[in-house]
Structure formats: structure tokens, C-alpha cells
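**Student:** Dumping the structure here so I can ask a few things about it.
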Amino acid sequence: MIYKQIHTFWSGLASREQMLLVLLIAVIILGLSFSWLLANSSNISTNSKLIKQEKANFEYVLGKATNYSTFLTQQQLEVNFPDLPSYLETTFSKLKISNFNLEIAMEKNILTFTDPSLMKITQFLDEISSHPSLRIEVIDISTSAEIYSVRIEYTEI
Amino acid sequence: MKKSFIHFDHYDLFEISLYKYENDELNFYSTNLDELNSYLNGDAETIIFIPSHFFGFKHFVNSLNLKKDILKANVLNDIEDNIVSDISKLKFVYDDVNDLSAWIDITIINRLNQKLNLMAGNFIILPEHLLHYDGSISFLVIAERFSASFSDFSGFSGALDSFDQYASILHQSEYDPSNFNIYTTEPTEILPKSIQEKAESVEIRKLHLNFNKEKFINMNLFERSVSFQYLKSKMELSHFDYGLVLSSLLIIFTLPILTLSIQKSIIDSYKDNTVKIFQELNPNFVRLVNPRAQIDDLTKNVPFATQPPSENLEFLPYVEKLTDSSIKKIKINLSKKTINVSLENLSSLKMRALTELMTQFSITIDSTNLVEESNSLSGTLIINYDI
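If you're matching them up, the sequences are chains A and B in order.
Mapping to our numbering: the first sequence position 111 is 111, numbers consecutive.
Mapping to our numbering: the second sequence position 366 is 366, numbers consecutive.
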């Protein structure tokens, strides 16, 4: 029915009017498409800025939260392990490192142990350096027969 | 050279004889207008001859340089017969070179133009008698009809049976029949007896190849109107091309939507993760308004905590994986933030892999103290992670 009406309307138009109508419709379609693309392009640009802002906010919050968390961990460690050697021993036993030695030589606190995994050694360093009373100065790792011998010089604060 | 000529077989202007010339080679096809497109090359030129009796002609010198409708009205006003009742229903052309005006029923020419506009080629529509115009009175017998051409470029056509009748009318109009040139593309036996002897056989190919279209180009009745069908045929797109165009359009219109959706998901992800951080710090946290102000408020009494110095040593296990038995000693100086790795017989390949892998960490590698011996490296590798 609608098609018939459109057909009747279209047939009633002169060729010049038909051309004008086609042009008008083409211009409207192109105009709408263009404005739609333009609006989307503007939204994309706005969202890009928003992503940068949200990322910066996230990183800022994460930094502050990490600091907060580190502070809390350090406080807890200080409360739970006021004696540093006992903390070191607990950490060794937690990571199942048995062959360790704590000594004071030439006024330096020296910690030695052996382990076949550098991963575990890194984990150990991570754990002990969280204690606020301990400051690691030098770490020496030497290897023989796939076993790492670790020597750590540290100071008690 | 690609050129085609079309003559209509009947007065319904549908069945056609198509003469297609390509490098002087003639191909003849008997077809119709609906099938024409399948015979034509996209960019070829096609001259279409309409039997001249469909036209009205008048020799007219446009000394006043009249334009369009005024010229049309002036020419048609002078016509004595009353055939013309509504001049708006006539398609009118004026050839100012040959001082010839011509008109034809607009429905005929519109119907023809409509069909031709669906095709991509170049078309020229002319009265048929111009094909054999020779400056005097000439006749051409073609497709069981005769076509008459006069010195003033006007013409006429009619059924071959009526030739004698038409010739006698001409005779009464003071035209001398002995001066007529009669050409035929048909066998002379089918001609009226009166002209069988006088008729001269002519090859249609010769007429086509000698035809000077430029002389009559102002009479061209073809009007190209740009339509979707025309553009489609002009572009000669294959199925692959259509697929490509459609895909491009699809991409143009879906890409912004897709981009916006991805951006929204990234923004939401950052927001969600920020909220999660707050919830870890404070499980009762509900609403994120201004994250910076809120975290500052939450941690305002917390001093800056020194990060564990070993935090930047996460690359050490990778060193182990790649250097394995070559590592002899690792010395880490946390205050200088340097690591000295003593190596023995590390293969160059592993060294390259290690250097490549370390680019993802914030460190620099100094391998100047390594000595290469028989494709393996020994010495001290200095890693600086204070960057």
C-alpha cells in the first residue's frame, strides 16, 4: 500500500523534480552520516581523555594504597617481631631454607645461607627487607654445583 | 577502435540489429534493447538510428539566436500541419551548424533514454537518414523500409511497399525523380520494380565506417541521467568489489561504535579496579566520587613508607633461567643499585636473549667487561637498576 503510494507520488513528479528529490535525499543521508561520524569522533576523543584521567587516578590511588599497605606491614612486623634475628629465623623456616647462619664479623651483621633457587632467594630478600629495622647493604651470591651461596651484609636500625 | 551501430528492425523500436566494430572487424547481432547491455563494452560508443518518420524536421536559420523554449516555440509555430497539439510532449533539438530543427514524441525518446541510461557506454541517438546523407536527395533501403534524406538535412522513412506512393508525392512537389540516389543494403529483388534498376547496392559496413558523427552531434537525442544503475554499470564492480565496498561501509559505521564500546569498557575497568583498591583498604567503602581526594583523605596520617629495596630485583630469576651454569657469582649492591654477575662460558645466543628479555624491566646492562672466546662470553656483566 505504502509502496503503491510512493510509486504514484514518484510517477507524478517531473524528471527535474525527481532529480531534485533524489539529490535532497542523498544530501540528507550524507549529512546525517557525516554528523553521526562527527559526533562519534568527538565522543571517541572525549573518551580518550577520560581513559587517561581514569588511568592517572588509578595509578595515584594504587601508589597511595601500596604505601599504606607497606606502612601497615612494616608496623605489624615491628610489633610481631621486635627482635630481628628471630624474624630472620622465622622467615628462613617459612621459606624452608635450613642451611643458614647469622654472625657478626668486623662489626658487620652477616647472614649466609645456600639454596638452589634464585627465585626463592629473591623471595627471601623481599620478605626480610620489609622489616623496618633491617637495612640490607650488600648481597653476594656465588654458585657452585647449581647451589647458590648467599652472603648478606645488613645493619640493624 | 570499438564502435557499434544500431538500427531498429520494426517500428516498435524494440527489436534491433546491432553492428559491432572492433578493429575493423564486424560482428552482427539480432537482439533487443533489454538484451543490449550484454553485447556492449562498458566504454564503447554506440550510435543508434531511429527511423526518420518518427521525427518532424524543419530547416530553420536561427538568425535571432533564440534559446531553448523560445526557439522551440518559434519553430513549431510555423508548422502548417496540426499534428502538433501539445509542444510540451515533444522532444526538440536544434542543430545550429546544419540549421536543422527536429522533434520527436517525448515518450519515445524517454523510453529509449531510460533503457540506455541503465548501461555504461556512450550513446548517440540520431535520425536514420543522416547515415546516408550525401548533400542531394538520397534513399536507403534497409530492413524492409526506405529512408529518404534531403539536401537540407531533413528526412523521412516508410515501409518499402509505400515507396512508389512517396516518390509520386515528391514528384508532385517539384523534386526530380531522376536525381534521386537510391542505395540498398537489401537484395534488389525485394525493391519496387520502379527502382530496381536504379538502386545501387551498398554495404552497411561502408556506410557505418564513413559516417561522420561529428557533423550531426548537435542532433544527439541521448541524455545521460546519473542513476544508481548507471553508476553501478559504469563502475563495473565485481562481486569481490561489492564485498569490499560493503565491508568498508560496514567498518566505517561499526568501527566508531566498537571503539566507543572498548573505550567504555577500559574506563569501567579502571573505575572498578580503583573501587576494589578502596574496598581492600576499607571494606565499607561505597561510592567513588573523587578518587584522589578520597585516597588522600583515607591515608592522610600515613607517612611515606620506604619500599623494600629488593622490590626491583624481580628480574633475577630470569637471569638465572638464561645463564644457569654460567653464573659464578652475583654481587648486589643495594645502595648503588648495581648487580655484578660473574659469568663463565655464556653462549652469545643466550646473551642476546638475556639482553632482549631485560628490555622489559627498568634496567640497563653493561656487557663491556665480557670477553668473547670461541662463541661464548666470560667476565662480569653489570646490571644497573637505578633508572
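All C-beta atoms, glycine included, are put in the ideal place defined by N, C-alpha and C.
So with CB distances below 7 Å, who are the chain B contacts of S142/A?
**Tutor:** Those are K328 and K329, listed as they occur along chain B.
**Student:** My guess is that L13/B and I47/B are in contact by the Cβ rule of under 8 Å, so how many angstroms apart are they, rounded?
**Tutor:** So it is not a contact: roughly 15 Å between Cβ atoms.
**Student:** Here's a check: name, in chain order, each residue in its chain whose Cβ is nearer than 7 Å to the Cβ of S342/B, leaving out the five neighbours to either side.
**Tutor:** Result list for S342/B: K328, K329 and T380, in chain order.
**Student:** From which residue to which residue does the alpha helix (DSSP H) around H129/B run?
**Tutor:** It is not in any alpha helix (DSSP H) - H129/B carries neither H nor E in the DSSP assignment.
**Student:** Kindly list, in the order they appear in chain B, the residues whose Cβ is closer than 7 Å to that of N40/A.
**Tutor:** Those within 7 Å of N40/A in chain B are P256 and L260.
**Student:** By how many angstroms is the C-alpha of I109/B removed from the C-alpha of W103/B?
**Tutor:** Each residue's Cα considered, the two are about 10 Å apart.
**Student:** Taking one C-beta from the segment 169-186 of chain B and one from the segment 125-142 of chain B each time, how about it: are there three or more such pairs within less than 8 Å?
**Tutor:** Touching, yes.
**Student:** Could you name the residues of chain A that F304/B contacts, counting a contact when the two beta carbons are closer than 9 Å?
**Tutor:** Under the 9 Å cutoff, chain A gives N67 and F71.
**Student:** Inspect the CB distances between the segment 201-209 of chain B and the segment 171-178 of chain B and report whether three or more fall short of 8 Å.
**Tutor:** With a cut-off of 8 Å, the segment 171-178 of chain B and the segment 201-209 of chain B do not count as touching, because too few Cβ pairs lie within range.
**Student:** Could you give the DSSP three-state label for A353/B: helix, strand or coil?
**Tutor:** Reduced to three states, the DSSP call for A353/B is helix.
**Student:** Taking only beta carbons into account, state which residues of the segment 88-108 of chain A come closer than 8 Å to chain B, listed in chain order.
**Tutor:** Listed in sequence order: no entries.
**Student:** Please report whether the beta-carbon of N47/A lies at a distance below 8 Å from any beta-carbon of chain B.
**Tutor:** Chain B contact via Cβ: present.
**Student:** Against chain A, does P291/B count as a neighbour if the rule is that its beta carbon must be under 8 Å from one of theirs?
**Tutor:** For P291/B, the answer is yes, since a Cβ of chain A falls inside 8 Å of its Cβ.
**Student:** Would you mind working out which of K94/A, A145/A, K108/A and N99/A sits nearest F124/A, comparing C-alpha positions?
**Tutor:** Measuring from the Cα of F124/A, the nearest candidate turns out to be K94/A.
**Student:** Residues of chain C with CB under 8 Å from K52/A, in chain order?
**Tutor:** Reference to chain C is not applicable here, since the protein chains of this structure are A and B.
**Student:** Where do the N-terminal and C-terminal ends of the alpha helix (DSSP H) with L88/A fall, by residue?
**Tutor:** From DSSP, the alpha helix (DSSP H) with L88/A extends over L84 to K94.
**Student:** Have a look at N98/B and K58/B and give me their C-alpha separation to the nearest angstrom.
**Tutor:** Computed Cα separation, rounded: 11 Å.
**Student:** Measure how close the beta-carbons of H208/B and Y29/B come, nearest whole angstrom, since I'm counting them as under 8 Å.
**Tutor:** With a Cβ gap of about 14 Å, H208/B and Y29/B do not count as contacting.
**Student:** State the DSSP-derived secondary structure class of L18/B, mapped to helix, strand or coil.
**Tutor:** Residue state, collapsed to three classes: strand.
**Student:** Given a cut-off of 8 Å, decide if L134/A and I128/A are closer than it, judged by their beta-carbon atoms.
**Tutor:** Yes. Within cutoff.
**Student:** Measure the C-alpha to C-alpha separation of I365/B and V150/A and round it to an integer number of angstroms.
**Tutor:** Roughly 22 Å separates the two Cα atoms.
**Student:** Consider the C-beta atom of A167/B and the heavy atoms of the ligand HEM; say whether any pair is separated by less than 7 Å.
**Tutor:** Summarising the ligand content, the structure contains no ligands, and the ligand HEM is consequently not present.
**Student:** Within the chosen definition, does the segment 47-66 of chain A reach the segment 272-282 of chain B through at least 3 CB pairs nearer than 8 Å?
**Tutor:** They touch, by the three-pair rule.
**Student:** For the segment 211-283 of chain B, list the alpha helix (DSSP H) runs that are entirely contained and at least 4 residues long, ordered along the chain.
**Tutor:** The qualifying runs are 228-235 and 239-281.
**Student:** Measure the beta-carbon distance from I51/A to T259/B and round it to whole angstroms, keeping in mind my assumption that it falls under 8 Å.
**Tutor:** Not quite, the Cβ-Cβ distance comes to about 11 Å (not below 8 Å), so this is no contact.
**Student:** With a cut-off of 8 Å, does the C-beta of F58/A fall near any C-beta of chain B?
**Tutor:** Answer yes: the Cβ-Cβ gap between F58/A and chain B drops below 8 Å somewhere.
**Student:** Which chain A residues sit within Cβ distance under 7 Å of Y385/B?
**Tutor:** Here the premise fails: no neighbours, minimum Cβ distance about 13 Å.
**Student:** Alpha carbon to alpha carbon, what distance is there between G121/B and S157/B?
**Tutor:** So the two alpha carbons sit approximately 28 Å from each other.
**Student:** If you draw a straight line from the C-alpha of L349/B to the C-alpha of V371/B, how long is it?
**Tutor:** Their Cα atoms are separated by approximately 14 Å.
**Student:** Report the rounded CA-to-CA distance for L354/B versus L38/A, giving the unit in angstroms.
**Tutor:** So the two alpha carbons sit approximately 48 Å from each other.
**Student:** State yes or no: is the beta carbon of E159/A nearer than 8 Å to at least one beta carbon in chain B?
**Tutor:** With chain A running from 1 to 157 in the structure shown, residue 159/A is simply not present.
**Student:** Does V158/A come out as helix, strand or coil in the three-state DSSP assignment?
**Tutor:** Here chain A has residues from 1 to 157 only, and residue 158/A is not among them.
**Student:** Can you tell me whether T46/A is helix, strand or coil according to DSSP?
**Tutor:** Helix at T46/A.
**Student:** What's the C-alpha gap between Y166/B and F54/B?
**Tutor:** Taking the straight line from one Cα to the other gives about 16 Å.
**Student:** Counting contacts by CB-CB distance shorter than 8 Å, is K4/A in contact with chain B?
**Tutor:** Chain B, which has no Cβ nearer than 8 Å to the Cβ of K4/A, makes this no.
**Student:** Of all Cβ atoms in chain A, is any one closer than 8 Å to the Cβ of N220/B?
**Tutor:** False, the Cβ-Cβ gap to chain A never drops below 8 Å.
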